[in-house]
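Here's the structure, in structure tokens; my notes come after.
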Amino acid sequence: MKNKSEMAKVKLYLLDERIIELAQNPKNVGKIEGENVYYTRIVNPICGDITDLYVKIKNGIVEDAKFLTFGCFVTIASASVLTEVIKGRNIEELLVGEGEEIIERIKNLINEQLGKIPKQKLHCPPASVEAFLRVAENYYNKEDKGKIKKIENLLKIIPSYYKEGRGEKEENVL
Ligand code: FES
């Protein structure tokens, strides 16, 4: 019978090397304090894992982004990529378009850097997408209430993304 560390190695083999590398060396871990910082906490509805996102947005530009998470390797890697890809970008540009088109674009910005995600873990990256949308909601709530409706409509679509891969057994992947 395999011991605990041997089992962990077996589980890691099921993840793309890019995910393992990002999860072991994540970027932008921590909190941001001060003015123009928008915060959200996401509890993944499938597994209960938590992601906190802090984004500093000034004049529409994402000046900084950091995260903390109590989540799996895929969630750590996803949040690391999200914070990297939104930094320096205009929030309007990130949200250009309509409905699923926007969610797919943000999701793809993350997923294309993660490689193949096991089915059991498809519910993990949506937490980073939702965190970004919740932060955008907070930002527009302060700066431009006319844009809130668009974000609310996007948030209504997010639950279906968490359901991707649902039902696959969790125990084989970290
Ligand atoms: Fe819970 Fe990935 S965040 S299993």
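The numbering used here puts the first residue of the sequence shown at 113, with every later residue one more than the last. Note that beta-carbon positions come from the ideal geometry of N, C-alpha and C, so glycine has one too. As the structure is a computational prediction, the values presented were derived from the model and not from experiment.
Checklist entry - Can you pull every residue whose C-beta falls closer than 6 angstroms to some heavy atom of the ligand FES, listed in chain order? => result N156, C159, D161, G183, C184, V186, T187, K233 and C236
Item to check | Residues of its chain near I158, where Cβ-Cβ distance is below 6 angstroms and the 5 sequence neighbours each way are ignored | outcome: On the sequence shown, position 46 is the one that residue 158 refers to. H235 and Y274, listed in sequence order.
Checklist entry - Would DSSP call S272 helix, strand or coil? => result The sequence position of residue 272 within the sequence shown is 160, counting from 1. In this structure, S272 counts as helix in the three-state DSSP scheme.
Next on the checklist: Does K114 come out as helix, strand or coil in the three-state DSSP assignment?
Outcome noted: By 1-based counting over the sequence shown, the position of residue 114 is 2. Note on K114: pLDDT 47, under 50, position unreliable in the model; the coordinate value appears next. Of the three classes helix, strand and coil, the one that applies to K114 here is coil, per DSSP.
Checklist entry - Would you report the Cα separation of Q232 and Y150, rounded to the nearest angstrom? => result If you number the sequence shown from 1, residue 232 lands on position 120. If you number the sequence shown from 1, residue 150 lands on position 38. Cα to Cα, the separation comes out at about 31 angstroms.
Next on the checklist: With a threshold of 7 angstroms on Cβ separation, who are the neighbours of A243 within its own chain once the five nearest residues in sequence on each side are excluded?
Outcome noted: Numbered from its first residue, the sequence shown carries residue 243 at position 131. So the list reads T152, I154, T163 and L165, once near-sequence residues are dropped.
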